[in-house]
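Data first, discussion second: the structure below is written as structure tokens.
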Amino acid sequence: MCQVLMQTVLINITPSMRNGDKIVMHRYGHEVGGVTGDLVVFLNQSKNPVFSVVGDDLLCVRNVPLTMAVYGGRVDVKGIDNKNIRIVLAEPFPLYPPLVKRIEGEGMKTLNGRGSLMVKFYVYFPSVPSHLMTESLKVLRKVEQDPKNAEEE
1 MCQVLMQTVL INITPSMRNG DKIVMHRYGH EVGGVTGDLV VFLNQSKNPV FSVVGDDLLC
61 VRNVPLTMAV YGGRVDVKGI DNKNIRIVLA EPFPLYPPLV KRIEGEGMKT LNGRGSLMVK
121 FYVYFPSVPS HLMTESLKVL RKVEQDPKNA EEE
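Using our numbering, the final residue of the sequence shown is 153, and nothing's skipped along the way.
If you want it as structure tokens, here you go:
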């Protein structure tokens with residue numbers, strides 16, 4: 001007759017551990033023929049709705065309005081640990097898609113510190129109402145042809 005024993009095992013999972021890591025608990029497995037086996041635990045990391053993990057870095061995506069892409073501005077991002085991070089988009093960094101800003105020390109925890117948080121920005125292009133179409137097209141074409149002249153007028 002086979003006897004099954006139930007036992008609770010405490011496993012220390014540290015923030016630096018990653019998806020697919022293996023933890024071996026020696027002699028916590030079944031006993032077969034007088035030899036006790038090992039308990040092997042594989043970590044399976046759940047997906048986060050905001051962040052993607054890329055090595056030790058975290059990646060998130062933010063959409064910014066066209067005016068911010070052209071003239072700059074501030075974007076607030078919440079880090080993985082709920083810390084508010086303010087990112088300033090300003091010259092000399094025009095927003096040519098996709099722009100990625102790297103914030104050191106805000107990524108995944110590692111044995112030696114932390115990875116980076118990388119924020120990828122995409123520009124949201126609004127639809128132009130029909131009554132503004134002609135005038136806005138004139139202004140944009142003038143700016144595209146000679147940005148310095150457009151400033152003076």
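Where is the CB? At the ideal position from N, CA and C, for every residue including glycine.
Contact between the segment 52 to 59 and the segment 21 to 40 is absent: fewer than three C-beta pairs spanning the two stretches fall below 8 Å. Within its own chain, the residues whose Cβ lies closer than 6 Å to the Cβ of residue 128, once the five positions on either side in sequence are excluded, are 136, listed in chain order.
Under the 8 Å Cβ criterion, the segment 30 to 49 counts as touching the segment 13 to 22, having at least three qualifying pairs. Taking the C-beta atoms as reference points, residue 100 is found no nearer than 8 Å to residue 75.
Its chain contains 29 and 30 as the residues whose beta carbon lies nearer than 6 Å to that of residue 37, once the 5 sequence neighbours on both sides are disregarded; these appear in chain order.
Assigned with DSSP and collapsed to three states, residue 8 falls in coil, not helix or strand.
As DSSP reads the structure, residue 63 sits in a beta bridge with 122. With a threshold of 16 other beta carbon atoms within 10 Å, residue 69 meets it and is buried. Exclusion of the five residues before and after residue 73 leaves 89 as the residues of its chain whose Cβ lies within less than 7 Å of its Cβ. By the CB criterion at 8 Å, residue 79 and residue 106 fall inside the cutoff. Apart from the 5 residues on each side of it in sequence, residue 60 sits with its Cβ closer than 6 Å to the Cβ of 50, 51 and 119 in its chain, given in chain order.
Here residue 9 has 25, 28 and 39 as same chain residues with Cβ atoms under 8 Å from its own Cβ, once five neighbours each way along the sequence are excluded. A direct Cα-to-Cα measurement between residue 86 and residue 64 gives close to 14 Å. Less than 8 Å divides the Cβ of residue 66 from the Cβ of residue 125. Assigned with DSSP and collapsed to three states, residue 110 falls in strand.
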